[in-house]
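In what follows, a single structure is set out as structure tokens and then discussed.
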Amino acid sequence: MGLLQAYKMAIKSIRSNKVRSFLTMLGVIIGVMSVITAVAFAEGTTKQITDQLSSLGTNLINVYITGRGSNRQVTYEQLKEFGDKNSEVISAIAPEMSINSATTKYGTNVRDTRIIGTTSDYEKTKVRGAQSGRYLMEIDNDNRQRVAVIGTAVVNDIFDGNNPIGESIKIDGNVFKVVGVLAEIADGSDSSDDDQIVIPVSVAQRMSQNSQINNYAILATDSESVDAAMIVLEEFLTKIYGDSNSFRLMNAAQMLDTLGSVTGTLMLLLGGIAGISLVVGGIGIMNIMLVSVTERTREIGIRKAIGAKKRNILTQFLIEALMVTGIGGTIGLMLGCGVIFSIGRMGIVPSVYSFKWMTLSFGISLLVGVIFGIFPANKAANLNPIQALRHE
Amino acid sequence: MIQIENMYKKYIMGDNVVNALNGVDLHIREHEFVAIVGPSGSGKSTLMNMIGCLDVPTAGRFFIDGYDASKLSDDQQAEIRNKKIGFVFQGFNLIQKLTALENVEMPLIYSGMRAAERQKRAVNALESVGLGDRVHHTPTELSGGQQQRVAIARALVTDPPIILGDEPTGNLDSKSGKEIMQIFKNLNAKGNTIILITHDDHIAEQAKRIIRIMDGKIIEDREVS
Ligand SMILES: Nc1ncnc2c1ncn2[C@@H]1O[C@H](COP(=O)(O)OP(=O)(O)O)[C@@H](O)[C@H]1O
Ligand SMILES: [Mg+2]
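If you read the protein sequences in the order shown, they are chains X and B. When we follow the working numbering, the leftmost residue of the first sequence carries the number 1, and every step to the right adds one. When we follow the working numbering, the leftmost residue of the second sequence carries the number 393, and every step to the right adds one.
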């Protein structure tokens, strides 16, 4: 008896036992599908966060001054001087003074938007300049010029998309001249980094009647200098404040490291869930195979009684198990990819197709199907025909 | 053709030992028509299973068609079952999911015959038992008598010299039983060696030789006049 015949026999058997075949496949489908979608979710989320952090710039160090009521206070000038002394690790320092919601008017159009008071160095630290017109200049700060570089979300809203350069706007009642448009980085969407206006920090201090700057964006010269820059910054600020609790230093690369260990744990957790789904699927397969074992043992007895050899029986059952689990696995992969694609399309998390996990889950399901398809068949094929026919 | 010498079969069930065959000597020649009779539990089926190479004896020697069956490997036994023996069971033992034709074809699949030739032979066998119009029916769509005829077609499709029947009429009404007996008689007339187990003395009388078994031993062996 050749392989082709064994294959035909397997097909006949699968088709004549549709319910059993389907239930076995279902186990594989559930196993494969849940594993690859769970993993895709984890990897997609990780990718999303990683991308966002990387877009902050990995050479950027954010300084947050938290020490309140302290009579000591680092000034922009002190920091500048410090930066110049450490120019081998620090290439730019920009203050960042935010007014989270300011009313901006152009004619009768009004919009609430975020105002950032800073200097021309902000262009370097944020790696973001003007896409038309110009950026802030040093002289703007020196002369407290009321000039503004505005984001595209603002342009689209209060200028209806018309060229704003040279026009006058009012921010919280103060007249500003628009000198440039910020390079678009978030499709001009609301509340994004395109929904903001950059003005000279000296003007912002005046407007808020507060000279204290609590945030700074500091650019390390390159990625190798980030750690060194943070160490000298820490030293410098600790000396000024007397302790290290009055300020915080943050760096995207460092956060990525932290995130790496968090996602490692997440993957471990998901690996566990994936393992459980595979076990559940596997138990499903196992059950169906074992439930049908009585019926199949009799069948094997009959086949042996009329002249089937042990290897004929095993070949047939092996092919049958491979086909059922293979088809189930393929359906599981297709459904899983469909789910991954859909959640990507709906913008929940980016679609990530993990070849490794697809192979792994497919392989394990196949293995479980084959083991539990073959194991009872092998037992039955070892019986003599009479024992097999007596089986109940 | 069949030569059995001092055969024993013991079944051990926990502390119980059943001597299903207790020293059987038996010689059956070609073209014979033998009926094996005896009370229930006397060892008839056990003996038949030994002759059919479906089970192995605990002790004793056994030759079939010149082969020493006690020295055959599993695969060689399977080959004997496939080529030399056609077995008809009391309970039919058809595969329920397959059609009559597929059931009858099966022994030929295992002997490696090509599909076209196989189908032709299977249809012929079914026609010879009067089921030419039922080839695509599954067992559940057939009466008991018809199912047993499918089983006979399966037994004779490989053209084996020996046909064994373990109470083949036991589950059938008397009319179907008669039809089945007629088929066996015709096969014997064509030259097959037939060995049947039966409870029914009337059926036993239709054979040419009657062997009576009791407690795993042959107690009577006579020619039918
Ligand atoms: N597989 C078995 N396991 C244990 N005992 C068995 C087995 N097969 C048969 N026997 C016992 O062997 C004896 C002979 O059985 P069997 O050959 O089936 O009798 P018969 O066919 O004459 O009714 C009986 O006592 C039966 O219970
Ligand atoms: Mg019996």
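For every residue, glycine included, the Cβ atom is placed at its ideal position computed from N, Cα and C.
First through last residue of the alpha helix (DSSP H) which encompasses S101(X) = Taken as a continuous stretch (DSSP letters only), S101(X) belongs to no alpha helix (DSSP H), being part of the beta strand (DSSP E) at I90 to Y106.
I589(B): CB within 8 Å of a non-hydrogen atom of ligand 2 = yes
ask   = Say the cut is 8 Å; is the CB of I605(B) nearer than that to a heavy atom of ligand 1?
value = yes
message = Is the beta carbon of V370(X) closer than 9 Å to that of L333(X)?
response = no
request  = For the beta strand (DSSP E) holding V201(X), just list the boundary residues, first then last.
outcome  = Per DSSP, V201(X) belongs to no beta strand (DSSP E); it is in the alpha helix (DSSP H), V201 to S208.
message = Looking at the strands, I want to know which residues DSSP matches up with A451(B).
response = Y400(B)
key: Nearest-angstrom beta carbon gap, I30(X) and V280(X) [assumed within contact, 8 Å]   = 7 Å
message = Considering just the uninterrupted stretch of the beta strand (DSSP E) at F176(X), what are its terminal residues?
response = N174 to L182
ask   = Any heavy atom of ligand 1 closer than 8 Å to the CB of A412(B)?
value = yes
query = By Cβ distance, which residues of its chain are closer than 6 Å to R546(B), with the 5 residues on each side in sequence left out?
reply = N495 and V496
inquiry  = Following a CB-centred definition, is K436(B) positioned closer than 8 Å to any heavy atom of ligand 2?
reply    = yes
inquiry  = Closer than 8 Å between beta carbons: that is the criterion. Which residues of the segment 491 to 510 of chain B meet it against chain X?
reply    = E494, M498, P499, I501, Y502, S503 and G504
query = Residues of chain X with a CB under 9 Å from the CB of V448(B): which are they?
reply = N384
inquiry  = Short of 9 Å Cβ to Cβ, which residues in the segment 298 to 324 of chain X face chain B?
reply    = R298, E299, G301, I302, R303, K304, A305, I306, G307, A308, K309, K310, R311 and N312
ask   = Hey, how far is the Cα of E394(X) from the Cα of G284(X)?
value = There is no way to answer for residue 394(X), as the model of chain X reaches only from 1 to 392.
9 Å Cβ cutoff met for I394(B) and F455(B) = yes
ask   = How many angstroms separate the CA atom of A381(X) from the CA atom of K489(B)?
value = 20 Å
message = Across the segment 305 to 312 of chain X and the segment 334 to 348 of chain X, are there enough close Cβ pairs to call them in contact, namely three or more that are closer than 8 Å?
response = no
key: Chain-ordered chain B contacts of Q5(X) [CB-CB under 7 Å]   = I501
request  = Answer with yes or no whether the minimum CB distance from E559(B) to chain X is below 9 Å.
outcome  = no
request  = Look up M401(X) in the DSSP assignment and say whether it is helix, strand or coil.
outcome  = This structure does not reach residue 401(X), given that chain X is present from 1 up to 392, and the question cannot be answered.
query = Which class does H594(B) belong to by DSSP, given the choice of helix, strand or coil?
reply = helix
request  = Find out if the Cβ-Cβ distance for the pair P385(X), D447(B) is shorter than 9 Å.
outcome  = yes
query = Any idea what DSSP makes of T585(B), helix, strand or coil?
reply = strand
query = Span of the beta strand (DSSP E) holding N251(X)?
reply = F247 to N251
query = Near L270(X), which residues of its chain fall below 8 Å by C-beta distance, leaving aside the five closest residues on each side in sequence?
reply = A38, V39, F41 and A42
request  = Please determine, among L182(X), R248(X) and A148(X), the residue with the shortest C-alpha to C-alpha distance to D194(X).
outcome  = L182(X)
key: Cα-Cα separation between S244(X) and L233(X), rounded to whole angstroms   = 11 Å
task = Answer yes or no: the CB of S432(B) versus the heavy atoms of ligand 1, is any distance below 8 Å?
result = yes
Heavy atom of ligand 2 within 8 Å of D592(B) beta-carbon = no
query = So, does the CB of I555(B) fall closer than 9 Å to a CB anywhere in chain X?
reply = no
query = So is E471(B) in contact with chain D if we call contact Cβ pairs under 9 Å?
reply = No chain D is part of this structure, whose protein chains are labelled X and B.
request  = Examine chain X for any beta-carbon lying closer than 9 Å to the beta-carbon of F454(B), and answer yes or no.
outcome  = no
key: Inter-stretch contact (C-beta, 8 Å, three-pair minimum) for the segment 521 to 533 of chain B and the segment 473 to 483 of chain B   = no
request  = Anything in chain B within Cβ reach of S16(X), meaning under 8 Å, just list it in chain order.
outcome  = K489 and L490
request  = Determine whether the Cβ of D457(B) lies closer than 9 Å to any Cβ atom of chain X.
outcome  = no
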